[in-house]
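Colleague:
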Amino acid sequence: MHRENRGVSRRAFLQSAVAIGGASALAACMDREDVSVPAGVEDPGSLPSRQHAWNEHLDRDDAGNALPPRHHALLHLEYDGLPTDADRETVTSALRTLERAYEWSSDGLLFTVGYSPAYFERFDADLPDAVDLPEPRPLSDFEDPVLDDPDAIVHLASNHASVVLEAEEALRGNRDAANDVAVDDALTDVFSVAERRSGFVGEGLPADNQDTGGVPDSEPVPEDAPLYMGFKSDFEKSQASEDRVTIQSGAFADGATQHVSHIDLNLQQWYEQDDRDSRVAQMFCPAHADSGAVERTGENLGDSPRLEDCGDPAETASERGVVGHAQKLEGTREDGEPLLLRRDFDSTDGGNAGVHFLALQREISDFERVREAMNGDDVSDSTPVGRRQNNGIRQYLSVTHRGNYLLPPRQRRALPTPEGADA
Ligand code: HEM
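Position 106, counted from 1, in the sequence shown is what the UniProt record's numbering calls 106; the numbers after and before it change by one each time, with no gaps.
(1) Any idea what DSSP makes of G45, helix, strand or coil?
(2) Buried or exposed: which applies to Q361, given that a residue is buried once 16 or more other Cβ atoms fall within 10 Å of its Cβ?
(3) Note the first and the last residue of the continuous beta strand (DSSP E) segment covering E78.
(4) With DSSP run on the structure shown, which of helix, strand or coil describes F13?
(5) Just the Cα atoms here: how many angstroms apart are T383 and S318?
(6) Between the alpha carbons of D103 and N174, how many angstroms are there, rounded?
(7) Is V379 a contact residue of the ligand HEM, with contact defined as CB to any heavy atom under 7 Å?
(8) Extract the residue ranges of the alpha helix (DSSP H) inside the stretch 356 to 422, only unbroken runs of 4 or more that lie entirely within it.
(9) Can you check which of these residues, C29, G350, G40, I20, is closest to N179 by C-alpha distance?
(10) Where do the ends of the beta strand (DSSP E) carrying S198 lie?
(11) From the DSSP output, which residues share a beta bridge with F111?
(12) I need the DSSP call for V280, collapsed to helix, strand or coil.
(13) So I352 packs on D208, CB below 8 Å; how close in whole Å?
(14) Please classify A27: is it buried, with 16 or more other beta-carbons within 10 angstroms of its beta-carbon, or exposed?
(15) Can you name the start and end residues of the alpha helix (DSSP H) that D31 belongs to?
(16) Determine the extent of the alpha helix (DSSP H) in which residue 431 is found, giving its start and end residues.
(17) Report yes if the C-beta distance between A373 and L329 is below 8 Å; otherwise report no.
(18) Please confirm if the stretch 198 to 206 is in contact with the stretch 235 to 251, defined as three or more CB-CB distances below 8 Å between the two stretches.
(19) Could you tell me which whole beta strand (DSSP E) segments of length 3 or greater appear in the stretch 187 to 258?
(20) With 16 other CB atoms within 10 Å as the buried threshold, where does P409 fall?
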């Protein structure tokens, strides 16, 4: 059948190599991908101060939307005691090796390093007021997530599976060279790796990886969908700009906060009982289903999901008994701009179709506010819409993990103190 097509099996192979990780997965991937990866910079000090400055270095689709890198890994790291200068130097050296090895782009490697509230607890001083970094907590009545508390988290992203794997092996001290650049120091000389997660996003990858829990056996995920639920979710006008999510002042100016949840998807009903119109209504809004505004995965929408055509969520909910996910969230924009820069990706971690919902925002409270809007309690309290049923896409999502992190500016990313000092 069509899935035996060579390109498809190659993509599936590469994704599962990233999911497995390690030296043999890397060797197999390098054989298979056989790409020449652009080198990084000679002077890592020349890279942008914002670790999250990715947008200018991402691929773009025909409508100008930034396309996320296709392969991702998340490493949870633990650090014992109070940071020493020697450890800071090791961390800096390990990270700069990656910046010398790979171009700062989707074709090379994009990455961030973040620190959790648990990390900052070891210091007497508090984080400055400009940094809003509470412990993670459940954000709806229906969830009981594991509250992640590693000290640090690394997010690696590239269009090439072999780059994600090689960079990870270099950080773990398992490579002498990364893209022909010598690896002198490993992150694992200082940290231990507590957990690894992985994923993918982009045309074809979800369809190739639908033989997993939470997806009906009928293999319903559209071949060209970038995400399991079948629609694009990276419209420029629905994303916060990098400026909007950047901390403006103080020691961590040019930093951002990062929320990382893991969500299990249950797509049985989504694909088997719901028809396309009801999927469009729940994801975007009923008005879009009526007008046929969304074709296929939504490419025809250009750079905006046109949420201004959706109408008032409460009115739609009363009249139609259903309200759209994006329709509800549009109400959280400030001065017309969304608060979150979503860099989420799909995953088969845990043997189930899932999403690592990674979002950047200036303050964690921005994330919490948007998540509250997604709960839509105001709508379900006063209309036929259920608390989860017909309430956007809530019914199909189960949050399993939540974690909050601070991405310091690049020059302060090596074991910072709460004052932002290096020592
Ligand atoms: C996990 C499965 C999810 C899927 C498949 C999904 C998909 C989508 C889609 C298709 C849109 C419409 C347009 C666009 O993205 O550019 C959207 C919008 C949005 N979603 Fe989600 N979403 C998911 C979960 C979440 C979660 C957990 C949050 C955070 C609380 C969230 C926040 C947003 C925001 C802020 C918008 C933009 C609203 C605006 O334009 O103002 N989404 N999502």
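Where a beta carbon is used, it is the ideal one built from N, C-alpha and C, also for glycine.
Modeller: According to the structure data:
(1) When secondary structure is reduced to three states using DSSP, G45 falls in the helix class.
(2) Residue environment: Q361 is assigned as buried (16 or more neighbouring CB atoms within 10 Å of its CB, all protein chains considered).
(3) Per DSSP, E78 belongs to the beta strand (DSSP E) from 71 to 78.
(4) The answer is helix: DSSP assigns F13 an H, G or I state.
(5) Annotation: T383 to S318 spans about 5 Å, alpha carbon to alpha carbon.
(6) The sequence shown places Glu at residue 103, not Asp. Each residue's alpha carbon lies about 21 Å from the other.
(7) False, no ligand heavy atom lies under 7 Å from that Cβ.
(8) Inside the stretch 356 to 422, DSSP marks whole alpha helix (DSSP H) runs of 4 or more residues at positions 364 to 375, 377 to 382, from first to last along the chain.
(9) Across the set C29, G350, G40, I20, the C-alpha of G40 shows the shortest separation from the C-alpha of N179.
(10) For S198, the enclosing beta strand (DSSP E) begins and ends at 192 to 200.
(11) Paired residue(s): L156.
(12) Looking at V280 - three-state DSSP - the assignment turns out to be helix.
(13) Looking at the sequence shown, residue 352 is not Ile but Asn. Between N352 and D208 a beta carbon distance of about 16 Å is seen, past the 8 Å cut, so the two are scored as non-contacting.
(14) Burial call: exposed.
(15) Membership of D31 in the alpha helix (DSSP H) is indicated by the continuous run 23 to 33.
(16) Residue 431 is absent from the model: the chain starts at 1 and stops at 423.
(17) Yes, they are a contact pair.
(18) Contact fails: fewer than three Cβ-Cβ distances are below 8 Å.
(19) Counting only runs that start and end inside the stretch 187 to 258, the beta strand (DSSP E) elements of at least 3 residues fall at 192 to 200.
(20) Buried, by the Cβ-count rule.
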